[in-house]
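Written out below as structure tokens is the structure these notes cover.
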Amino acid sequence: MDMHQYQLTKEPYYRPIGREVDLFTASYAARLPVMLKGPTGCGKTRFIEHMAWKLGRPLVTISCHEDMTASDLVGRYLLDPTGTVWSDGPLTVAARHGAICYLDEIVEARQDTTVVIHALTDDRRILPLEKKGELVRAHPDFQLVISYNPGYQSVLKDLKESTKQRFCALDFGYPDAAIEAEIVAAEAQIPVAVAHTLVQIAKKSRNLQGQGLNEGASTRMMINAGHLIREGVTLGEACNLALIVPITDDPDMRDALTNAVAACA
Amino acid sequence: MSRKSGGVVRLGDTGSASSAALRLALGDDWLAPWLHAHNKLRDAGYGDALCRAYGAASVDCAPLVGAETVIGMADVLSSLSIKSGVAAAEQLCRIAPLAARRTADASRFRSWLSLLQRFSAIAPESAMCVLDRMDDLLVRLNVSQLELWLLAGVRQAGVDPERRLQFFSLENPDALRLLDREAEGQSFFDMERRLMAWMVALYGVHLNVQPAPLARHDGAGRRASFGEGFVQMPAHFPGYRRVQAEALFRAALAHVGAHVRFTRKRLEVGDLKPLQIAVVSLIEDARVEQLAMREMPGLRRLWLQFHIAEASGALTAQSRFARLSRSLIDPDFQDADGWVRKGRDLFFAARDRWDSPEISRAIGNLLGNDLGQLRIQFNAKSYVVQPPYRDDNLGLWDFDTDQNPPQDQTEILLDSARVRPDDTPDTHDQARNDPPDASDITKARPRAPDHQDCGIFAGRYPEYDYEVRIERPDWATVVEYPANRGRADFVDASRERHQRLIRKITAVINAARVSRAERERRQTEGELLDLDACIDAIAALRSGQMPDAAVYQTTARRRRDLAVSVLVDISASTADPVGEDGERVLDLLRDSTVVLSHALNTLGDPFSLAAFNSNGRDDVRYTRIKDFDQPFDKAAGMALAGLNAGFSTRFGAALRHAGQGLLTQPNHRRLVLLVTDGEPADIDCPDPRYLIEDARRAVQGLAARGIDVFCVGLGNANMENERRIFGQRGYVQITSIRALPEKLSTIYMRLTG
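If you read the protein sequences in the order shown, they are chains Z and S. Residue numbers for the first sequence follow my numbering, so the first one is 1 and each next one is one higher. Residue numbers for the second sequence follow my numbering, so the first one is 1001 and each next one is one higher.
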């Protein structure tokens, strides 16, 4: 299996906020499974890419969704001219070849799917492939990382306690205004002052979380707006394109956000 | 009696209108036709008063709208008398001259007449109260706007004359709101949602905004106001329309928001004179605005547009204030006046200390003294804060001091500008909502009703006697009582209290929404092949086993199809307190109902709300709060707010009655959701088991007709009985009553998938 396709060659930019780099390094050294918790677009995926690059490990990313079954994770039989042939799923590939396996937005998947990872996340580190009759023992370099957005917590969609308790967790959030502005300025290559205004606007939109918006603007959205500004778009239009129109269809919310942008500019 | 002699018509007794006046008003040509119309009215037997009134009205109106129109009025009077009574027709005559003046045009006046004629045909009971208010209505609305408003009221209130009356007598705040909307086109409350969302974004705070009552000096004196936990906003600022109005609302909200954020503590009045109070308030206004602009520079543009003072003209106190205000916010404004310059210099010198509220007092005092020494006249009574987006500053000051304030001055200030927080429109008699004395807590007790008791017979239901195992037909009588009207703002207040919970429930419901298609795998039939199942089947075939034929998958859309009748027990025990702060079980029940109604609305399930208690088998009391075909609107909210606890709890009849109402609902699933804090009991049933068994029988009866019953029991009551009545899976106990608002809705959603 050619793992090169999963290897990161260039350093992904990541601006540490606390001790997360050191803490993750320590977790990896102990091969502990890690949960990255935080809202969307605040750097979880970028962080794990950065760490995979730093630690020199291949990274297998799986984006979880509601229709995902256990087979999508561990593998299934496929039909070929000679009959059936087993094909490893991404989780199995990572476990066999010692990659870091990153399950993104794991809460989207159904709970009967996510239990598949249980045996990998305790000290047994095994992955039973029942349909194949094989017991895969995880490569010593294998580690499981998941991302989890607590904002989607609800009666109907949440991680089981038995799943949560197998992980160490790192909290990700929107950083302080100064740091967030630094990140936006660096990623979008715009002056820090402009980045600062964008971050202010993002904070205003985050006030509306749960009061008309599901989530406020993410750092990623601000970076997008920054790109647009660098290309010559005005601040108002850039925010409209990158933030207001994608985030909501409600005309009252759009009006509120447009006027909040005006107030900050 | 008229007699024609020759070509001359002689007028007989036409009441107060003298024949000469009539002739003058109508003109000779129209006299005969007018008389004809007049006599028709007289002969129809509507009474002399109406004829006289018609005569008087004709005299006044004919010069304005013409004789022909006036003659046509008789027809309208006739229909009005038939539909709404002679009194209404007389009232119409009385206000016709005024209407003629306001409409100023014959054809518009005719439209107005025809509108009233149509209206009285649709809503006869409300014609009188609309006519009573016609003067005010015509001040604000033209005829087509009036028509829209009348139509809106009819549509809103539906076929229920009570509700229509409520609307048209302007007791229903929706009526006022709609009136505002017609009159000005854009009231604050039309824009409320997006403006409040903007405020949440800007300041991260959710303000509770109420309509400001009309101030004592109306018109130019209207200002926003804020206080402990509330904000009052005028529905409109006279003279501002459309885009300007919106900008003004925004500026006003942003200004109040700045106060809420930066004016942490109220200032003590002490022995400050009104002039000083005004100046200190002005500086404080400027201070909080500067702090807000630091964070959000765009607000300057918003506020600046309203500062229009010029650096010239008379130097009155009012104009000085306006000029000073402008200097403090407009960097380009130059003013030569010494006092204004001093104020500006002092303010900007303190730039580094803008964070501390004391500077307002310090600077304000100095400036106030100066003005006092200049002997500038200051009339506290007529003082109005400028520009109009700024609030009236009452929220800044702590008037409740122990020291005796100088009576005259403070009182003048208070008198002229005070807006009492509880002067909201539609406050109903508070006494109606106070519970009866709950000191005597027994399960079932008779009580003489302390308010008007006028129930309508609604049905007789059988009752089951377990001892002899028969159902006695027509044993219990259900009487429906009209809902008392409680506070109109009850529902809004309740929603405020449980904001977070309501948002959470909405989020959960939205997440589980129907539009998601669910894949059902391993089906024996379906449009697609389930790959995993196919592979298993082939594998089985190859190994010589029988394959499982369920190799398909389908997508199914989850649909909700259920109607629910919520039945709330308001027996005497619900007046019991929960905890220390005076909250009763009934209050929690009400709040829970509000939250549940919100959930039901969001889910889209049709539902009805009713409350019940009982006073013996002949008086099972049922109060409808909301029917299936009505929205959960202000009227329902007021009915909910007006519930009183009392009497006893006779489950069986109430359940049967609720079930009856559900039978007409076409939904696939029908549910009665009963919320109670105790067991069935009544004053005429000494054997507790009797009503329990009857309730069980009622539940079974409903189940046989396809209606499910589920009970939410509150408190620590004996679960055995509940289990007996509703079945093992037909009830749930909530021991922590405080959690009821949250639990009730969650239970419902879990119950109904």
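Glycine included, C-beta positions come from ideal geometry on N, C-alpha and C.
Alpha-carbon spacing of residue i relative to residue j, whole angstroms
| i | j | result |
| --- | --- | --- |
| S/A1021 | S/G1055 | 10 Å |
| S/L1202 | S/L1080 | 54 Å |
| S/V1566 | S/M1233 | 36 Å |
| S/K1040 | S/L1077 | 11 Å |
| S/R1133 | S/F1612 | 37 Å |
| S/R1164 | S/D1352 | 60 Å |
| S/Q1334 | S/V1243 | 29 Å |
| S/D1618 | S/A1152 | 40 Å |
| Z/Y102 | S/V1675 | 47 Å |
| S/T1664 | S/V1699 | 18 Å |
| S/H1259 | S/P1173 | 28 Å |
Per-residue contacts from residue i into chain B (C-beta, under 7 Å)
| i | result |
| --- | --- |
| Z/S87 | Among the protein chains of the structure shown, namely Z and S, there is no chain B. |
C-beta atoms of residue i and residue j nearer than 7 Å
| i | j | result |
| --- | --- | --- |
| Z/A99 | Z/P33 | no |
| Z/G226 | Z/V184 | yes |
| S/V1269 | S/F1399 | yes |
| S/L1702 | S/G1659 | yes |
| S/P1388 | S/H1307 | no |
| S/A1563 | S/R1656 | no |
| S/E1496 | S/G1455 | no |
| S/A1695 | S/G1727 | no |
| S/I1283 | S/S1382 | no |
| Z/C42 | Z/Y174 | yes |
| Z/E20 | Z/L170 | yes |
| S/G1642 | S/D1677 | no |
| S/A1476 | S/A1572 | no |
Identified DSSP bridge partners for residue i
| i | result |
| --- | --- |
| S/G1713 | S/T1676, S/Q1733 |
| S/W1778 | The shown model of chain S, from 1001 to 1753, leaves out residue 1778 of chain S, and the question about it has no answer. |
| S/F1237 | DSSP output for S/F1237 lists no bridge partner at all. |
| Z/L36 | Z/S147, Z/L170 |
| S/W1030 | Partner(s): none; S/W1030 has no beta bridge. |
| Z/Q209 | Z/L213 |
| S/K1626 | S/L1609 |
Classification of residue i by the beta-carbon crowding that lies within 10 angstroms, buried from 16 upward
| i | result |
| --- | --- |
| S/F1457 | exposed |
| Z/V192 | exposed |
| S/L1131 | buried |
| S/A1311 | exposed |
| S/D1591 | buried |
| S/S1608 | buried |
| S/S1225 | buried |
| S/E1518 | exposed |
| Z/R46 | buried |
| S/R1729 | exposed |
| Z/L126 | This sequence places Ile at residue 126 of chain Z; Leu is not what is there. It counts as exposed. |
| S/E1722 | buried |
| S/A1336 | exposed |
| S/L1711 | A small fix is needed here, since residue 1711 of chain S is Cys in this sequence, not Leu. Buried, since its Cβ has 16 or more Cβ neighbours within 10 Å. |
| S/D1440 | In this prediction, S/D1440 scores a pLDDT of 34, lower than 50, which makes its location untrustworthy; the coordinate-derived value is nonetheless stated afterwards. By the 10 Å Cβ count, S/D1440 comes out exposed. |
| Z/S218 | buried |
Backbone secondary structure at residue i - three-state DSSP
| i | result |
| --- | --- |
| S/W1198 | helix |
| S/E1518 | strand |
| S/Q1334 | coil |
| Z/M3 | helix |
| S/V1280 | helix |
| Z/K132 | coil |
| S/W1354 | coil |
| Z/T114 | helix |
| Z/Y102 | strand |
| Z/T197 | helix |
| S/I1535 | helix |
| S/Q1430 | Because S/Q1430 sits at a pLDDT of 35, beneath the cut-off of 50, its placement in the model cannot be relied upon, and the following sentence gives the value as read from the coordinates. Of the three classes helix, strand and coil, the one that applies to S/Q1430 here is helix, per DSSP. |
| S/A1053 | helix |
| S/V1070 | helix |
beta-carbon residue i near the ligand MG non-hydrogen atom, thresh 6 Å
| i | result |
| --- | --- |
| S/E1295 | The ligand content of the structure shown is nil, which means the ligand MG is not present either. |
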